[in-house]
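What the sequence shown shows, in my numbering, is residues 3 to 134, in sequence order.
Inspection log for the structure reproduced underneath, given as structure tokens.
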Amino acid sequence: MESYDSDDVQTFLATFGVAVSTGDLDAIADTYAFPALVVDATTSEVVPDPDAVRDAAVRTARGYRERGLVGPVAHLEDVEEVGDALVWARVRWSYRDEWANEQDSTTVRYLLRRARDTFEVCVEVRLDPREV
């Protein structure tokens, strides 16, 4: 079983956060394995390809701007090795305004696979705020 370093996971998340903050659609799409799965309390969605990630990122960015948010900051809460090159990561995303004040937050669990000297998202589970 390949070991991981939680600093590597945090670096991956920080890079992902920068891509989201800057609107780098290709970098955002590069963080996912395909097909990926996105799950929340009521839906499950297969993400078939990079174009689907780019489209979702454009919609998400529009929503951030409308709410005055300029960037997410990842706080790695927990990492669990679950298989060869696989980890579950629990992440609290803090969404900041232009003065770096937190305006919103979400908690997400990611099933990450080590690939290409970094990680890629295989499954994204958006946790209900009441369950956090």
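By construction, the Cβ of each residue, glycine as well, lies at the ideal position given by its N, Cα and C atoms.
Here DSSP, grouped into helix, strand and coil, assigns E100 to coil.
If you compare the alpha carbons of V110, R128, S96 and A117 with that of T33, the shortest gap goes to A117. The three-state reading of DSSP puts L88 in strand, counting E and B together.
Around the CB of A91, 16 or more other CB atoms lie within 10 Å, so the residue is classed as buried. When the Cα atoms are used, E82 and V89 turn out to be separated by approximately 5 angstroms. Within the same chain, and ignoring the five residues on either side of V123 in sequence, the residues whose Cβ sits closer than 7 angstroms to its Cβ are T33, Y34, A35, A38, Y112 and L114. Beta-bridge pairing by DSSP links S107 to S96.
In this chain, A43 is not harboured by any beta strand (DSSP E), its DSSP state being neither H nor E. Contact between the stretch 13-26 and the stretch 99-109 is absent: fewer than 3 CB-CB pairs across the two stretches fall below 8 angstroms. For the set D80, P74 and V84, the Cα lying nearest the Cα of W95 is the one of P74. Within the same chain, and ignoring the five residues on either side of Q12 in sequence, the residues whose Cβ sits closer than 6 angstroms to its Cβ are L78.
Partner residues in the beta bridge of V81, as assigned by DSSP, are A91.
Here the alpha carbons of G85 and Y97 stand approximately 31 angstroms from one another.
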